[in-house]
Structure formats: C-alpha cells, structure tokens
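**Q**
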Amino acid sequence: MNIQLSDLYKELFTSPLEAVCETEKSYRKIWAKWIKSQKPFFRKDDGSIDAEQIRQLLNQAPVIELDGTLDVDITVRIASVQKKEGSISGGIRVGPVHSSGKYGFSNESSLESALRASTRFVISNHKADLNAFLLERNLSPTSEEDINRLIKSLEEESNEQ
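Residue numbering for the sequence shown follows my numbering, beginning at 547 and increasing consecutively.
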C-alpha cells in the first residue's frame, strides 16, 4: 500500500466537509419522499389540486438543522524489516594436510513508525427548510405537474455526484 502523507492529511480535513454535502443531498431525498407521501392530501373531493392545500402542506415539511462536533483521528503504522546475510569460506592445503573453515553471519532489523493525526470540526449549517429551498429557486408549486417536477428535481439533486 502506497499512501502519500499529503493524501492522508487531505482526507483528514476534507472528509467531514464531504459528509456535510452528502447530508444535504439526503435532505432533498427526504423531502422528495415526504412530498410523495403527501400527494393524496393535495386533492379536493372533485379530484382537482388545491393550490392552497399544497402551500399549507409544504409548510409542514420536515425542517432539518445540522449542528455538532466531529472528531476525526487517523493512525498509520509503517513497518519495515531489513535482513542481511552473508558467508565466507576458505581452505588451505599443504601436502596431505587439508584445513578449511566457514564463517556465516545474519543480521535482521526491523523499524516501526507510527503517525497519528487528529482534528476536531465544529459543524453547523443553516436550517434546511423546504419552503426556503423553494423560495431560493423561485418555485411555487400550485399544480400536480409542479409537484411532480419538484419531486423529480429533488431526487435528481440528491443523486448528483
């Protein structure tokens, strides 16, 4: 495994912020699901859509606020083992007498390093309110087509990469 120290620190400092972005996408998915569940209540007895009823029901949409502290720690252990081996042998012969010898050696060492990095994030965002979301986009659903477009838009935004 080849990890660059800069990648490690980048992950440490950006992952909580990426999590907040993913959380915001989840808000939109929740709103789309909630609106789908409320669609039957938008209809009058004659089957038509009541624009005032839509507005009143959208005012009851879940309001979400993210607030908290997040501690992130990363510990990396790096280990290496180094081994050296060698041998030497020799011999001498003088007439009928022969003498020889062998010497061998082995050296093994290991090294371990540990890197620990931590950070603390205090994360909060604005209150996520469906009506404020609609106002920012100049949307005011008053018909079934508007509601269907809104649901589709929320689902598409929640699936963006």
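Every residue, glycine too, gets a C-beta built ideally from N, C-alpha and C. Just so you know, these numbers come straight off a predicted model, no measurement behind them.
1) Use the C-beta contact count for tyrosine 573: other C-beta atoms within 10 angstroms, 16 or more gives buried, fewer gives exposed.
2) In this structure, does DSSP put valine 668 in helix, strand or coil?
3) Out of Glu682, Arg666 and Leu685, which one is the CA nearest neighbour of glycine 614?
4) In three-state terms, what does DSSP make of glutamate 706?
5) Could you say which of Arg589, Gln602, Val618 and Lys579 lies nearest to alanine 565 if we only look at CA atoms?
6) Quick check on the DSSP output: the alpha helix (DSSP H) that includes aspartate 553 runs from which residue to which?
7) Give the DSSP-derived three-state secondary structure of leucine 685 in the structure shown.
8) Would a C-beta distance cut-off of 8 Å place leucine 696 and leucine 681 closer than the cut-off?
**A** This is what the structure holds:
1) Residue 573 sits at position 27 when you count from the first residue of the sequence shown. The C-beta of tyrosine 573 has 16 or more other C-beta atoms within 10 Å across all chains shown, which makes the residue buried.
2) Sequence index remark: in the sequence shown, residue 668 carries index 122 (1-based). DSSP places valine 668 in strand when its eight states are reduced to three.
3) Walking along the sequence shown from the start, residue 614 turns up at place 68. The candidate whose alpha carbon is nearest that of glycine 614 is Arg666.
4) Residue numbering aside, residue 706 sits at position 160 when the sequence shown is read from its first letter. Coil at glutamate 706, not helix or strand.
5) Position 19 of the sequence shown, counted from the start, is the residue given in the question as residue 565. Checking every option, the nearest Cα to that of alanine 565 belongs to Val618.
6) Walking along the sequence shown from the start, residue 553 turns up at place 7. First-last of the alpha helix (DSSP H) with aspartate 553: 551-584.
7) Here residue 685 refers to the residue found at position 139 of the sequence shown. Coil at leucine 685, not helix or strand.
8) Residue 696 sits at position 150 when you count from the first residue of the sequence shown. Residue 681 sits at position 135 when you count from the first residue of the sequence shown. At least 8 Å separates the beta-carbon of leucine 696 from that of leucine 681.
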